[in-house]
Amino acid sequence: MSLNNLTGTRYGASLRKQSKKMEVSQHSKYFCEFCGKVYKHRPWVSSLHW
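Numbered per the working numbering, the sequence shown finishes at 1122, counting up by one with no gaps.
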């Protein structure tokens, strides 16, 4: 369940749009150009490739 579903009409439209944008980017899949893998979460480049 996302935060936007819980807030309803509170906090204003611009803040709800920002929070939705952050939630979508957090849960999207990321493609690593260095190794070619697709990660479910955003990888920490320093710990994976050094």
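No residue lacks a Cβ here, since even glycine has one placed at the ideal position from N, Cα and C.
Rounded straight-line distance, which links the Cα of residue j to that of residue i
i: LYS1109; j: SER1100; result: 14 Å
i: SER1086; j: PHE1106; result: 35 Å
i: ARG1082; j: LYS1112; result: 31 Å
i: TYR1129; j: LYS1093; result: The chain is shown only over 1073 to 1122; residue 1129 falls outside these bounds and no answer can be derived.
i: SER1097; j: LYS1089; result: 12 Å
8 Å Cβ shell around residue i - same chain, five flanking residues per side excluded
i: GLY1084; result: none
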